[in-house]
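All remarks here apply to the structure that follows.
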Amino acid sequence: MFYRIRLTNTQIRFLSSEKGKEVNAMASTNPDVQLSEEELERKKKKEEKAKEKELKKLKAAQKAEAAKLKAQQGPTSSKQSKKKQERPDENQEDSIDPETPLGDKKILSRQMAKNFTPKAVEKSWYEWWEKSGFFEADSSSSKPSFTIVLPPPNVTGALHIGHALTAAIQDTIIRWRRMSGYNTLWVPGMDHAGIATQVVVEKKIMRERQLTRHDVGREQFVSEVWKWKEEHGGTILQQLRRLGASLDWSRECFTMDEKRSNAVTEAFVRLYKEGLIYRDLRLVNWDCVLRTAISDIEVDYIDIKEKTPLKVPGYSQMVNFGVLTSFAYPLEDNLGEIVVATTRIETMLGDTAIAVHPEDSRYKHLHGKYACHPFNGRRIPIVCDAILVDPNFGTGAVKITPAHDPNDFEVGKRHKLEFINIFTDDGKINSNGGSDFVGMPRFEARVAVTEALKSKGLYKGEEKNEMRLGVCSRTNDVVEPMIKPQWYVSCSSMAQEALDAVIDDNNKKIDILPRQYVAEWRRWLENIRDWCISRQLWWGHRVPAWYVTLEDDKLKELGAYSDHWVVARNEIEADVEAKRIFAGKKFKLTQDPDVLDTWFSSGLFPLSVLGWPDDTQDLNTFYPTSVLETGHDILFFWVARMVMLGDKLGGDVPFKKVYLHPMIRDAHGRKMSKSLGNVIDPIEVIEGKKLEELHKRLEEGNLDPSELKVAIEGQKKDFPDGIPECGTDALRFALVSYTAQSDKINLDILRVNGYRQWCNKLWNAVRFAMSKLGDDYTPPTTIDPKKLPFICQWILSVLNKTISKTISSLESYEFSDASSAVYSWWLSQLCDIFIEVIKPYFYGDDVATVSARGYAQDTLWVCLDNGLRLLHPFMPFVTEELWQRLPAPKHYTREKSIMICPYPSVVESWTNEEVESEMETIECAVKSFRSIRANLPATEANRKLPGFAVSRTNEIADLLKRLEMEVKAQANLSSLMVLSENDVPPAGCAVSVVNESLSVYLDSQGAIDVNKEREKLNSQLAELQRQKDTINNAMTAKGYEKVPARIKEDNVTKLATLKQQILSIEEAVQRLEI
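Shown next, in the form of structure tokens:
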């Protein structure tokens, strides 16, 4: 049996330290058996000392001056200085990288530092990569293209952990494809972020000059935004460089630059001419602070269970939500009153009907009758509506406010009701609300209306009511449904095309991964509504539509006549179109003051970044793009819209695959929130942050005192020692490896730090190699596995499998599997096994050892070269630095950088299933030896001890004898004696049963706790007996004859194995008693 073990970070650290100790541990020997081992140890020490002296001689001339200075320090120098005097070959200055001019190839230190330091390793490489043009794509290349468009971050944004995940995944893909021979293009860009940017600049102007944007004026305000963008925008693009993102910066774009703006205008005009864009009066999500419509994605929802006071922007008093208020409308003709209920009592000022169910017997006598509005006398019809009204809910009568409720809006259309807007754009009651309430902010009017109803005797009471309250994610203002004239995109036909592109198996154009999101894709697009694309902002793409005011129009207000709009690319075209439509008439043109929804320009991004609507070489080469990678939360708001617009305007879907990454949570699975103190800044993970500094960041925010206290306590709990410096490579690798966690990632900084420690393992592996390869080493042109020692054949075979697994996982977008495959090979197979086993090859001068040493050197170089290239897409910085240190082949000129080297591919001649099978047996034996050693006292745990293996087959016995060195090196044995089942190991040995054919014994030389050992063996025996009884019961159960033959055969085999294992443990217990 072969056990593959997933190690925890603690175990990794433990094994790492154990391996270091194995080499230096003094042997405890038996004079009769271990004499040659002692001689070998002495010989090793002599050779090490001789080599150390030789190295000192080589560097003596270079360090003469430094040695003199140290000698002059005399006896007053520190212990550390004395140590340096004694070992001048390890001068710390030689392991510090010299300063590299910006953009030049990094100048490496003469010798490697003892430990991996992220800050030192990551320095200078990115600037050299970028300056060298390694990131740039060639639109005229004959290579197959592979294109990714970076989801454009907001110009106002700073790097958050979600951006880091996106960058880590996309850069892994793009670096792998680049190394695999593709003409890769990864396009960077920024989104102008209409609402977010306008809010930032408005606050800036108010803070610095105490002015609103209306005080400044539109033209000057837009100029202020551009100025802010040039000074402060784009911070996140610089931060992406910190993450190693190999973006083609020569193609960087901005959604408001000239080319992208032209694309937006062209798209609007074309869609309008096809009848897919139109203007209509409909309900929108209205933000009274921003005074604009907002998209659904900009609305957050708060679940309210009962009466709850909340802080609303612009109000000094808390506002109550979760309250259902009942009141009565008096009926005409002395028919009494009818009671209705609402959570928004202020909207009754705009009621234009009361709806009842047509079959509700309580109200049949009121069909066609009217109620009277208590404040303005408006006649309110009683209408029958079976769609909206549930007669079993509440009173069965529903107030209808068509201008301020989505459901009521539909009722209004069905019954041709009057639509009365009662709010101004900033959320105050307008003249339609009545003179008693005009000018009141809506939530103050809520209180005033309630009191007025009470004074009229119409108030019937209130009760708690569960509800979902929509608030704007930008301002926290409570969203108000408002009826406004807006521009809309007709989505039904484009949505069907987008749906078919994913679900039509006969003509599938797009694969969505993970597949679970296909159902969500279908749900969204089958129930799509037309898309409101206009916003009442000043920052953004101005709607390319002009209103024509005719000289003889009675109404002169903008938009008074719905048929007076013309759409054009510019004002000159608009004038021509207006003259055509209104021939012979005098008119005035006024451009629509609204701007377009940010998602409209973002939806065009795959087209516009490649030059559309122009017929560019980039567009012909790189469109459609290869994959769209983003978060699943914007599947509809961005991904679906890109597909609809790309297919309609670009003639094809914008990408062939969609990979949706999980959302990141904290280590406890909670959504990251400033108020919880669990927001993780990726730059802080890269650089490290003290706990006090984390607290300071919170204190500089805008949390109220109670939230601040909770947040600080949360930080103390999650980061008691602050955040350790993990480095970019460790953060990237952790994020990519986390992608297997369904739709959420529970990010634990301890795991990230574990990968930083693993980087140190890589560092030490190359450092070991550099010490064993030597300055004059020449890498092989080819390597013939048949001539290699067993361990070298094995490491190449498992490397082959790792290459195959990594590539297949990357191709199927299983990034976690790919990272796990590379990680396991480097840690468990290369560092923990191969390097440990080959260490004895570097000591001794006999012919066999010298020959094996040469093979081991070549295999080590091949492994490191392939392993670093295999790992590079995940960890670009450390792999570049280590690869640059490897000796270069002499038979050809290698590439300047690892990032443009070929990605490793499978070498068929390396695969050796027989060797791998034999190594599985060896590893099982080693694991058993280690499990025995783990139970020894701490003083004995690292001492070399004699080992014995009792084999019940000649095949395994021969294997263990042949591979004695592999077992001894890994199990830290002073000797290994292979016995037959008739031989008796020495008394007092601890035992572990490997399988039915093999048991191993460790001569603990009196250190074993016999009682503890007996207890362990009896526990194993009980478990095996339980498994045996389970199979016996199954085989003797009624109806077993119907069990498939294959299962019966498996049970017979398992039973025979268990019986042999039980026998082996019983023998071990007996020997323990001797």
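Count the sequence shown with the working numbering and you get residues 9 to 1082, in order. Glycine is no exception: its CB is placed at the ideal position from the N, C-alpha and C atoms.
- Put simply, the backbone Cα of residue 534 is about 39 Å away from that of residue 597.
- Residue 191 is positioned such that its CB atom lies closer than 8 Å to that of residue 146.
- At the C-beta level, residue 390 and residue 404 stay beyond 8 Å of one another.
- Shortest Cα-Cα distance from residue 344 to any of 364, 954 and 374 involves 374.
- Taking the CA atoms as reference points, residue 1011 sits about 8 Å from residue 956.
- Partner residues in the beta bridge of residue 261, as assigned by DSSP, are 197.
- For residue 234, the enclosing alpha helix (DSSP H) begins and ends at 226–240.
- Residue environment for residue 678: exposed (fewer than 16 other C-beta atoms within 10 angstroms of its C-beta).
- The C-alpha of residue 737 lies about 18 Å from the C-alpha of residue 672.
- For residue 290, the three-state secondary structure derived from DSSP is strand.
- DSSP places residue 753 in the uninterrupted beta strand (DSSP E) bounded by 752–754.
- Under DSSP, no beta-bridge partner is assigned to residue 812.
- Residue state for residue 661 is assigned as coil, using DSSP reduced to three classes.
- When the alpha-carbon of residue 772 is set against those of 111, 125 and 100, the nearest one is in 125.
- In the structure shown, residue 787 adopts coil according to DSSP, grouped into three states.
- Comparing alpha-carbon positions, the option among 222, 775, 301 and 513 lying closest to residue 103 turns out to be 775.
- Uninterrupted beta strand (DSSP E) stretches at least 3 residues long and entirely within the segment 418–498 occur at 467–472, 475–480 and 488–497, given in chain order.
- Between the segment 270–281 and the segment 546–553 there are three or more C-beta pairs closer than 8 Å, enough to call the two in contact.
- In chain order, 349, 350, 353, 458 and 470 place their CB closer than 7 Å to the CB of residue 333, counting only its own chain and leaving out the 5 sequence neighbours on each side.
- According to DSSP, residue 637 shares a beta bridge with 667.
- In the structure shown, residue 312 adopts extended strand secondary structure according to DSSP, grouped into three states.
- Residue burial annotation: residue 613 is buried, with at least 16 other C-beta atoms found within 10 angstroms of its C-beta.
- The way I'd put it, the segment 629–639 does touch the segment 152–159; three or more beta-carbon pairs between them come closer than 8 Å.
- Annotation for residue 1006: the continuous beta strand (DSSP E) segment containing it runs 1006–1011.
- The shortest CA-to-CA distance from residue 482 to any of 578, 536 and 304 is the one to 304.
- Cβ contact annotation for residue 479 (same chain, cutoff 8 Å, sequence separation greater than five): 307, 308, 309, 310, 485, 486 and 487, in chain order.
- When C-alpha distances from residue 670 are compared across 184, 751 and 696, the shortest belongs to 751.
- DSSP places residue 858 in the helix class (H, G or I) of the three-state scheme.
- In the structure shown, residue 580 falls within a helical segment according to DSSP collapsed to helix, strand and coil.
- Sorting 914, 289, 958 and 723 by C-alpha distance to the C-alpha of residue 568 places 289 at the top.
- Residue range 953–959 is occupied by the beta strand (DSSP E) that includes residue 955.
- Judged by DSSP secondary structure, residue 985 falls within the beta strand (DSSP E) whose first and last residues are 981–988.
- If you keep only unbroken alpha helix (DSSP H) runs of at least 4 residues inside the segment 687–766, you get 690–695, 699–707, 713–726 and 736–745.
- For the 8 Å CB-CB criterion, residue 1032 and residue 933 do not form a contact.
- Rounded to the nearest whole angstrom, the CA to CA distance from residue 881 to residue 662 is 25 Å.
- Straight across, the Cα-Cα distance linking residue 857 with residue 1042 is about 55 Å.
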